[in-house]
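Residue numbers (the numbering used here): 55 to 414. Quick reminder that beta carbons are idealized off the backbone N, C-alpha and C, glycines included. Remember, it's a predicted structure, so these values are computed and weren't measured experimentally.
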Ligand SMILES: [Zn+2]
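See below:
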């Protein structure tokens, strides 16, 4: 056994130390999305050790703390990670390893410090970790980040946090002013209850929010297209958009109403989707349970996606054993999905996100 093939990691959410056998993980063909701090060696040493087992690998470019790991002119930078990031993408490209870069979108704790961009619930409580998606200035900011990442020789960007927190969001001033007239209400009297009591208004709410989410994604895709046209690439830069899928918030169709995204529109806009499986529920259902069958059925949309040339990836946060990788792989196989991906840790702001998504 190579001594360097087993590294020790510490998860950021207080899980016990775990041993990661990277070689075994790469041999499972999972796209592991890493943070520079996950790796204890240089990028060069790591990639040259595992390159022969690796087809594809991911590295975080901008996390939910709002900082970039590359030399950004737009977002504040974790300077200590820049050298690692640049070496990583250059070497991965030279070794012809498919390279994905993780980017948090509306889940941006730094930008969300600005009260003008915070998402709010209908009681006026502001979220300091989540930006309201109804923010064209922020789309511009995020588009610049897409362009900056696209200047590096990377193949794709995993876009996380691309939707609303839940159906109960957003009731910030801008959302109130924009939406209230559509349902004959005064902006400051608009409540979630007012919408749920009238199915027609509630439906309008879903459509309106969905329009906003996809306008934002379209703008990012335009930035990806521009950067693909202006740089020498063999393939255009791909944006894989996260869709949360959890039994607590409903499976495919319900998730669309909760978060605002619609796989059909994502298929048309970017053609690639990252299904974040069970983000709020730590355990996947056992094979041959009725919940498992229901989950497989809810993933059938991926057939349509693939038939029309799109890509679907099954993704999990906090994978901490090879058994969990195999479990994900089996599910992907049952749902006829070709690719799996995951992180070792949960996002740093996971407890806040989970609380707002399913608490209360
Ligand atoms: Zn809002």
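(request) Indicate, with yes or no, if ligand 1 has a heavy atom lying under 7 Å from the CB of residue 311. (result) no
(message) DSSP three-state label for residue 302, please.
(response) helix
(message) Taking 8 Å as the cut-off, does the segment 217-230 touch the segment 192-208 (at least 3 CB pairs, one atom from each stretch)?
(response) no
(request) From the DSSP output, read off the bridge partner residues of residue 212. (result) 156 and 294
(message) If I measure Cβ to Cβ from residue 108 and keep anything under 6 Å in the same chain, skipping five residues before and after, which residues do I get?
(response) 80 and 151
(request) Report all residues for which the CB-ligand distance to some heavy atom of ligand 1 is below 6 Å; order them along the chain. (result) 173, 186, 188, 224, 226, 228 and 229
(request) Could you name the residues of the same chain whose beta carbon sits closer than 7 Å to that of residue 128, not counting the 5 residues immediately before and after it, in chain order? (result) 195, 198, 199 and 202
(request) Excluding the 5 residues preceding and the 5 following residue 352 in the sequence, name in chain order all residues of the same chain whose CB lies nearer than 6 Å to its CB. (result) 305 and 306
(message) On the criterion of 16 or more Cβ atoms from any shown chain inside 10 Å, does residue 321 qualify as buried, or is it exposed?
(response) buried
(message) To the nearest angstrom, how far is the alpha carbon of residue 258 from that of residue 294?
(response) 27 Å
(message) Rounding to the nearest angstrom, what Cα-Cα distance links residue 336 and residue 411 in this structure?
(response) 15 Å
(message) Excluding the 5 residues flanking residue 61 on each side, which residues of the same chain have their C-beta closer than 7 Å to its C-beta?
(response) Residue confidence is low: residue 61 scores 40 on pLDDT, short of 50, so the model does not pin down where it sits. No coordinate-derived value is stated.
(message) If the criterion is Cβ atoms closer than 8 Å, does the pair residue 180 and residue 187 meet it?
(response) no
(request) Indicate the three-state DSSP secondary structure (helix, strand or coil) for residue 84 in the structure shown. (result) strand
(message) I believe residue 262 touches residue 302 by the beta-carbon criterion, under 8 Å. Please report the beta-carbon distance rounded to the nearest angstrom.
(response) Not confirmed; about 24 Å, so no contact.
(request) Would you list, in sequence order, the uninterrupted beta strand (DSSP E) runs of no fewer than 3 residues that lie entirely inside the segment 79-143? (result) 84-88 and 110-116
(message) Counting C-beta neighbours from all protein chains within 10 Å, is the total for residue 24 16 or more, i.e. buried, or is it exposed?
(response) As displayed, the chain neither begins before 55 nor continues past 414, which places residue 24 out of reach and without an answer.
(request) Assuming residue 462 and residue 159 form a contact by the criterion Cβ under 8 Å, report the distance between their Cβ atoms to the nearest whole angstrom. (result) The requested residue 462 does not occur in the structure, where the chain is confined to residues 55 to 414.
(request) Under 8 Å by Cβ, that's how I've got residue 101 and residue 396 pegged, so tell me the actual separation to the nearest angstrom. (result) Contact flag wrong, Cβ pair sits at about 19 Å.
(request) Output the residue ranges of the alpha helix (DSSP H) runs that lie fully inside the segment 240-286 and measure 4 residues or longer, sorted by chain position. (result) 246-250 and 253-284
(request) Just the C-alpha distance for residue 184 and residue 272, rounded to the nearest angstrom, thanks. (result) 20 Å
(message) Between which residues of its own chain and residue 244 is the CB-CB distance below 6 Å, once the five residues before and five after are set aside?
(response) 230 and 234
(request) Let me know the secondary structure DSSP gives residue 174 once reduced to three states. (result) strand
(message) Considering only DSSP beta bridges, list what residue 180 is partnered with.
(response) 174
(message) Let's test the definition: count the other Cβ atoms within 10 Å of the Cβ of residue 407 and tell me whether it reaches 16, buried, or not, exposed.
(response) buried
(request) Since I believe residue 173 is in contact with residue 224 (beta carbons under 8 Å), could you give me their beta-carbon distance rounded to a whole number of angstroms? (result) 5 Å
(request) Could you tell me the distance, in whole angstroms, from the CA atom of residue 298 to the CA atom of residue 148? (result) 33 Å
(message) Tell me which residues share the same chain as residue 401 and place their Cβ nearer than 6 Å to its Cβ, disregarding the 5 neighbours each side in the sequence.
(response) 118
(message) Between residue 157 and residue 213, how many whole angstroms is the CB-CB distance? I'm expecting something under 8 Å.
(response) 6 Å
(message) Excluding the 5 residues flanking residue 248 on each side, which residues of the same chain have their C-beta closer than 8 Å to its C-beta?
(response) 237, 239 and 255
(request) Please classify residue 289: is it buried, with 16 or more other beta-carbons within 10 angstroms of its beta-carbon, or exposed? (result) exposed
(request) May I ask you to report which of helix, strand or coil DSSP gives residue 65? (result) Summary for residue 65: the model assigns pLDDT 40, below 50, so the residue's position carries little reliability; its value from the coordinates is reported in the next sentence. DSSP places residue 65 in coil when its eight states are reduced to three.
(request) Pull up the distance between the alpha-carbon of residue 144 and that of residue 192, whole angstroms please. (result) 29 Å
(request) Report yes if the CB atom of residue 328 is closer than 8 Å to the CB atom of residue 211, and no otherwise. (result) no
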